[in-house]
Amino acid sequence: MLEKISFTKLIKEELTTNTYKESEIKSLLAAFIKVNGIISFSNDGEKLTLKTENANIAKFIYGLLKERYPRAIVSFSFVKVMKLYKSTSYLINIVSGVEDIIKGLPVDLLNSKIPYELHNKEEKVRGYLIGTFLASGSCNDPHTSNYHLEFSFNDEEYATSILRLTNKIKSTIFNFKTIKRRNKYVVYLKRSDQISDFLAFLNANNSCIEFENIRMDRDFSNTTNRLMNCDSYNFKKTLDIANKQIEYIKLIDEKLGIDNIQNIKLKTLCKLRIDNPEANYNELASLLSEELEETISKSNVNHLMIKIKKMAESF
0 MLEKISFTKL
10 IKEELTTNTY
20 KESEIKSLLA
30 AFIKVNGIIS
40 FSNDGEKLTL
50 KTENANIAKF
60 IYGLLKERYP
70 RAIVSFSFVK
80 VMKLYKSTSY
90 LINIVSGVED
100 IIKGLPVDLL
110 NSKIPYELHN
120 KEEKVRGYLI
130 GTFLASGSCN
140 DPHTSNYHLE
150 FSFNDEEYAT
160 SILRLTNKIK
170 STIFNFKTIK
180 RRNKYVVYLK
190 RSDQISDFLA
200 FLNANNSCIE
210 FENIRMDRDF
220 SNTTNRLMNC
230 DSYNFKKTLD
240 IANKQIEYIK
250 LIDEKLGIDN
260 IQNIKLKTLC
270 KLRIDNPEAN
280 YNELASLLSE
290 ELEETISKSN
300 VNHLMIKIKK
310 MAESF
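In numbering that gives the first Met the number 0, the protein residues as written are 0 to 314.
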């Protein structure tokens, strides 16, 4: 049986197939290296390791680095983790040319602030947030009732920097918030319409359409259920009221006799109510109008029912 692909994976794999401007690619690589990069030092010099659990992301980042830094020595490997759940970590190892890569990108591994040069154009902001989502983002399956998109970080100051960066987006206003969850600092969106807008901002268009289709189906289903529940409630309420009114009419018939009621509208309505216990006031008004060959309104029926109640309570 094929394993169902998660919605997060669907978004990330779409992002790895898109075409980007050079400024977006630099921002994307800067963000990915900042979040997932680990620098180590040895006698042979600096080594930069990038880690991800998504094979497509690893191939995508590897390809971008090889294309832009052909002199760098970049290798690709993976590690299988055999714990409660089997998982595979994919590693991009840069053993030569690390300094050129770091200098060529707007990234500072020792500073939690995002370089100012990434704030001045929306395409740079977009690229940086795409790289950040590829490195640490997730989005709940829209089939669930809990809409949620987030970035997760180890550094509180960096999480705050990402929050500020989202405020630089001018085309759409997003209401990102932050929260500490265990030992992580999370920047998140909860509103379904904003999650959809954010996917569109990232140019994850297919994922955005999928999200919207599922969301609309859910909303339609929920609306239908609410209407059905409302109809059921209204029908029960109509029956409860009708049963009480029939009790009043039976008491009047016992004490006075329906045929002895002088008011023709009142007498006819009593008979119609007994014969039509499920009818609402609109339906009773229509039946009464047909019976008397004159127009009787819903409010007129309500007024007559008040008279029936008072008459019954007088006995």
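The beta carbon of each residue, even a glycine, is placed where N, CA and C say it ideally should be.
Note that the structure is a prediction, hence the values are computed from the model and not measured.
Boundaries of the alpha helix (DSSP H) in which residue i is found, first to last residue
i: SER160; result: 155-165
i: ARG125; result: 121-135
i: THR7; result: 6-14
i: LEU291; result: 280-291
i: GLU98; result: 97-103
i: SER26; result: 21-35
i: ASP274; result: 263-274
i: ARG67; result: 54-67
i: SER298; result: 297-312
Same chain only: Cβ atoms within 7 angstroms of residue i, ignoring 5 sequence neighbours per side
i: ALA203; result: ILE10, GLU13, LEU14
i: THR223; result: Only weak support exists for where THR223 lies, its pLDDT of 48 falling under 50; the value from the coordinates is given anyway. Nothing listed; no residue qualifies.
i: SER86; result: GLU52, VAL80
i: ASN301; result: TYR280
i: ALA311; result: TYR247, LEU250, ILE251
i: LYS176; result: TYR187
i: MET304; result: GLN244
i: LEU133; result: LYS11, LEU14, PHE31, ILE56
i: THR131; result: ALA30, VAL34, PHE150, ILE161
Sequence-distant residues of its chain with Cβ nearer than 8 angstroms to residue i (five each side left out)
i: GLU23; result: GLU122, LYS123, ARG125, GLY126, ILE129
i: SER76; result: TYR89, LEU90, ASN92
i: ASN242; result: PRO276
i: ASN119; result: none
i: SER160; result: SER111, LYS112, ILE113
i: ASP154; result: SER111, TYR184
i: LEU63; result: ILE24, LEU27, LEU28
i: THR267; result: LEU287, GLU290, LEU291
Residue i: first and last residue of the uninterrupted beta strand (DSSP E) it sits in
i: LYS112; result: Run containing LYS112: none; DSSP gives neither H nor E here.
i: LYS46; result: 44-51
i: SER316; result: Residue 316 falls outside the range modelled here, since the chain spans only 0 to 314, and no answer is possible.
Beta-carbon separation (whole angstroms), residue i vs residue j, contact threshold 8 angstroms
i: ILE113; j: LEU47; result: Not really, about 19 angstroms apart at Cβ, beyond 8 angstroms.
i: VAL73; j: LYS79; result: About 21 angstroms; that fails the 8 angstroms criterion.
i: GLU98; j: GLU45; result: 7 angstroms
i: GLY36; j: LEU49; result: 6 angstroms
i: ASN139; j: PHE31; result: That pair is no contact at about 22 angstroms.
i: ILE307; j: LEU238; result: With 8 angstroms as the limit, ILE307 and LEU238 do not qualify as a contact, their Cβ atoms being about 17 angstroms apart.
i: ALA71; j: ILE100; result: 6 angstroms
i: TYR315; j: SER111; result: Residue coverage of the chain in this structure runs from 0 to 314, which leaves residue 315 outside it and unanswerable.
i: LEU108; j: ILE178; result: Actually they are not in contact, since the Cβ atoms of LEU108 and ILE178 sit about 25 angstroms apart, beyond 8 angstroms.
i: LEU198; j: SER191; result: Between SER191 and LEU198 the Cβ distance is about 11 angstroms, and since that is not below 8 angstroms, they are no contact.
i: LEU287; j: LEU271; result: 6 angstroms
i: ASP196; j: THR165; result: With a Cβ gap of about 12 angstroms, ASP196 and THR165 do not count as contacting.
Cβ shell of residue i (< 6 angstroms), same chain only, five flanking positions each side left out
i: PRO141; result: PHE210, ILE213, ARG214
i: LYS297; result: TYR280, ASN281, ALA284
i: PRO105; result: ALA29, PRO114, GLU116, LEU117
i: LYS167; result: HIS118, VAL124
If we count Cβ pairs, one from each stretch, closer than 8 angstroms, do we get three or more for the segment 150-161 versus the segment 10-24?
no
Ignoring anything shorter than 3 residues, give me the beta strand (DSSP E) runs that lie fully in the segment 178-202, in order along the chain.
183-188
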